[in-house]
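Residue numbers (mature numbering (1 follows the signal peptide of the UniProt record, and there is no 0)): -35 to -1, 1 to 110. The structure appears right after this line, and notes come after that.
Structural data, given as C-alpha coordinates:
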(Lines of atoms letter the chains of each structure in order from A and count residues from 1; the text may use other names and numbers.)
(Lines give C-alpha, C1' and ligand atoms only; values in the text may rest on other atoms or scores of the structure.)
Protein backbone atom coordinates (compact mmCIF):
# COMPACT_ATOMS: atom_id res chain seq x y z
CA UNK A 1 0.00 0.00 0.00
CA UNK A 2 1.46 3.35 -0.94
CA UNK A 3 1.42 6.37 1.26
CA UNK A 4 -1.51 8.83 0.75
CA UNK A 5 -3.73 6.43 -1.16
CA UNK A 6 -6.79 4.77 0.32
CA UNK A 7 -7.76 1.21 -0.33
CA UNK A 8 -10.17 0.70 -3.19
CA UNK A 9 -13.12 -0.24 -0.93
CA UNK A 10 -12.88 3.01 1.09
CA UNK A 11 -12.78 5.19 -2.04
CA UNK A 12 -16.12 3.76 -3.20
CA UNK A 13 -17.76 3.94 0.22
CA UNK A 14 -17.72 7.73 0.46
CA UNK A 15 -19.65 8.43 -2.79
CA UNK A 16 -22.11 5.70 -1.85
CA UNK A 17 -22.73 7.31 1.54
CA UNK A 18 -23.22 10.73 -0.08
CA UNK A 19 -25.64 9.27 -2.62
CA UNK A 20 -27.57 7.43 0.10
CA UNK A 21 -27.76 10.61 2.22
CA UNK A 22 -29.04 12.65 -0.74
CA UNK A 23 -31.62 9.98 -1.52
CA UNK A 24 -32.79 9.92 2.10
CA UNK A 25 -33.07 13.73 2.17
CA UNK A 26 -35.06 13.70 -1.08
CA UNK A 27 -37.39 11.05 0.33
CA UNK A 28 -37.91 13.05 3.53
CA UNK A 29 -38.55 16.25 1.56
CA UNK A 30 -41.09 14.48 -0.64
CA UNK A 31 -43.01 13.07 2.32
CA UNK A 32 -42.92 16.47 4.05
CA UNK A 33 -44.44 18.13 0.98
CA UNK A 34 -47.21 15.54 0.84
CA UNK A 35 -47.96 15.89 4.57
CA UNK A 36 -49.01 19.55 4.27
CA UNK A 37 -52.68 20.22 4.83
CA UNK A 38 -54.83 21.43 2.02
CA UNK A 39 -56.37 24.90 2.40
CA UNK A 40 -59.59 24.73 4.37
CA UNK A 41 -62.86 26.15 3.14
CA UNK A 42 -63.88 29.53 4.56
CA UNK A 43 -66.18 29.39 7.57
CA UNK A 44 -69.93 29.77 7.04
CA UNK A 45 -71.10 33.39 6.72
CA UNK A 46 -67.58 34.57 5.91
CA UNK A 47 -67.10 37.66 3.78
CA UNK A 48 -65.17 35.92 1.00
CA UNK A 49 -68.08 35.84 -1.46
CA UNK A 50 -69.63 39.12 -0.34
CA UNK A 51 -68.96 42.61 -1.62
CA UNK A 52 -68.48 45.79 0.35
CA UNK A 53 -71.41 48.17 -0.04
CA UNK A 54 -69.68 51.09 1.67
CA UNK A 55 -68.34 52.54 4.90
CA UNK A 56 -70.65 54.02 7.52
CA UNK A 57 -69.89 56.04 10.66
CA UNK A 58 -71.95 54.69 13.56
CA UNK A 59 -72.48 55.97 17.12
CA UNK A 60 -74.20 53.68 19.61
CA UNK A 61 -76.64 54.96 22.23
CA UNK A 62 -76.03 54.52 25.97
CA UNK A 63 -74.41 52.54 27.48
CA UNK A 64 -71.27 53.55 25.53
CA UNK A 65 -69.52 50.93 23.42
CA UNK A 66 -65.76 51.05 23.97
CA UNK A 67 -64.62 47.60 22.79
CA UNK A 68 -64.76 46.42 19.18
CA UNK A 69 -66.06 42.98 20.24
CA UNK A 70 -69.11 44.65 21.80
CA UNK A 71 -69.68 46.71 18.66
CA UNK A 72 -69.34 43.54 16.55
CA UNK A 73 -71.86 41.75 18.76
CA UNK A 74 -74.40 44.58 18.46
CA UNK A 75 -73.98 44.77 14.69
CA UNK A 76 -74.20 40.98 14.29
CA UNK A 77 -77.63 41.03 15.93
CA UNK A 78 -79.04 43.13 13.06
CA UNK A 79 -81.07 40.90 10.75
CA UNK A 80 -81.22 41.42 7.01
CA UNK A 81 -79.37 40.85 3.76
CA UNK A 82 -76.72 43.42 4.68
CA UNK A 83 -74.15 42.57 7.35
CA UNK A 84 -71.94 45.03 9.18
CA UNK A 85 -68.29 44.62 10.18
CA UNK A 86 -66.42 46.99 12.49
CA UNK A 87 -63.33 48.52 10.89
CA UNK A 88 -62.01 50.75 13.67
CA UNK A 89 -63.04 53.20 16.36
CA UNK A 90 -62.96 56.90 15.58
CA UNK A 91 -63.09 59.91 17.88
CA UNK A 92 -66.18 60.88 19.87
CA UNK A 93 -67.52 57.35 20.33
CA UNK A 94 -68.03 56.87 16.60
CA UNK A 95 -67.15 53.57 14.93
CA UNK A 96 -66.26 53.08 11.28
CA UNK A 97 -68.30 50.15 9.98
CA UNK A 98 -68.29 48.42 6.59
CA UNK A 99 -71.60 47.25 5.13
CA UNK A 100 -71.27 43.90 3.32
CA UNK A 101 -73.77 42.01 1.20
CA UNK A 102 -73.85 39.00 -1.10
CA UNK A 103 -76.47 40.79 -3.19
CA UNK A 104 -75.09 42.82 -6.07
CA UNK A 105 -77.99 45.30 -5.92
CA UNK A 106 -77.61 46.26 -2.23
CA UNK A 107 -77.00 49.98 -1.78
CA UNK A 108 -75.51 52.20 0.90
CA UNK A 109 -78.94 53.81 1.37
CA UNK A 110 -80.44 50.42 2.27
CA UNK A 111 -77.62 49.83 4.75
CA UNK A 112 -78.19 53.27 6.31
CA UNK A 113 -81.94 52.64 6.60
CA UNK A 114 -81.26 49.30 8.30
CA UNK A 115 -78.86 50.87 10.79
CA UNK A 116 -81.08 53.87 11.51
CA UNK A 117 -83.96 51.51 12.31
CA UNK A 118 -81.91 49.67 14.93
CA UNK A 119 -82.70 50.66 18.55
CA UNK A 120 -79.11 50.84 19.89
CA UNK A 121 -77.82 53.01 17.05
CA UNK A 122 -77.95 56.74 17.69
CA UNK A 123 -76.24 57.93 14.50
CA UNK A 124 -75.50 56.36 11.12
CA UNK A 125 -73.94 58.48 8.38
CA UNK A 126 -72.07 57.47 5.23
CA UNK A 127 -68.33 58.00 5.34
CA UNK A 128 -67.96 60.25 2.32
CA UNK A 129 -67.28 63.88 1.55
CA UNK A 130 -70.54 65.68 0.94
CA UNK A 131 -68.99 69.03 0.00
CA UNK A 132 -65.49 70.47 0.14
CA UNK A 133 -64.67 72.20 3.41
CA UNK A 134 -63.04 75.15 1.61
CA UNK A 135 -63.10 76.65 -1.85
CA UNK A 136 -60.26 76.12 -4.25
CA UNK A 137 -58.09 79.23 -4.54
CA UNK A 138 -58.06 80.95 -7.91
CA UNK A 139 -54.82 82.43 -9.14
CA UNK A 140 -52.19 82.32 -11.82
CA UNK A 141 -51.14 78.77 -10.83
CA UNK A 142 -54.69 77.53 -10.18
CA UNK A 143 -57.09 78.99 -12.74
CA UNK A 144 -60.85 78.72 -12.25
CA UNK A 145 -62.23 75.60 -13.86
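All residues carry an ideal CB built from backbone N, CA and C; glycine is no exception. Quick caveat, the model's predicted, so the values are computed rather than measured.
Straight-line Cα distance separating residue j from residue i
i, j, result
"residue 88", "residue 101", "31 angstroms"
"residue 80", "residue 86", "7 angstroms"
"residue 18", "residue 39", "19 angstroms"
"residue 51", "residue 96", "25 angstroms"
"residue 106", "residue 93", "28 angstroms"
"residue 27", "residue 42", "17 angstroms"
"residue 29", "residue -9", "60 angstroms"
"residue 44", "residue 82", "11 angstroms"
Residues that residue i bridges to, as DSSP identifies them
i, result
"residue 115", "Residue 115 lies beyond the stretch modelled for the chain, which goes from -35 to 110, so this question has no answer here."
N- and C-terminal bounds of the beta strand (DSSP E) containing residue i
i, result
"residue 115", "Any property of residue 115 remains undetermined from this structure, which presents the chain solely from -35 to 110."
"residue 24", "16 to 25"
For residue i, three-class secondary structure by DSSP
i, result
"residue 45", "coil"
"residue 54", "strand"
"residue -17", "helix"
"residue 38", "helix"
"residue 69", "coil"
"residue -22", "helix"
"residue 31", "coil"
"residue -5", "helix"
C-beta atoms of residue i and residue j nearer than 8 angstroms
i, j, result
"residue 67", "residue 76", "no"
"residue 32", "residue 62", "no"
Residue i - containing alpha helix (DSSP H), residue span
i, result
"residue 81", "73 to 81"
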